[in-house]
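Residue numbers (the numbering used here): 36 to 162.
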């Protein structure tokens, strides 16, 4: 094997565009995966062994990571040691194939009105 294509410490060097087939956007529907979007294996999806065997190794790694526990896109990227852009494209493939489901976390509550905060501070000072 040619030394320039293999790094003894890192293993085979594969460019991110090779993992995604040159794609930079997830799926034909243009789904956007926020970093905090939660990904879980869809128990009712088409994730049987025959369908999974047709997936690439990176797809199977992502499925394995979110099979035991729901994870965010950012956590999956860190655990799989892949760039977030690559993970988004691969998750788009998995979502389209019915292997995973993606949910948005509950948005943080809006901050209370400034007037209410001032009243609370004044009430605390009065104590």
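No residue lacks a Cβ here, since even glycine has one placed at the ideal position from N, Cα and C.
Check, Outcome
"For residue 66 and residue 127, believed in contact at Cβ under 8 Å, the rounded distance", "6 Å"
"Residue 165, buried or exposed, once every other Cβ within 10 Å from all chains shown has been counted against 16", "Since the first and last residues shown for the chain are 36 and 162, residue 165 lies out of range."
"Inter-residue spacing [alpha-carbon to alpha-carbon] between residue 115 and residue 96", "7 Å"
"Beta carbon of residue 70 nearer than 8 Å to that of residue 93", "no"
"C-alpha gap between residue 98 and residue 120, whole angstroms", "17 Å"
"Rounded distance between the beta-carbons of residue 100 and residue 111, thought under 8 Å", "6 Å"
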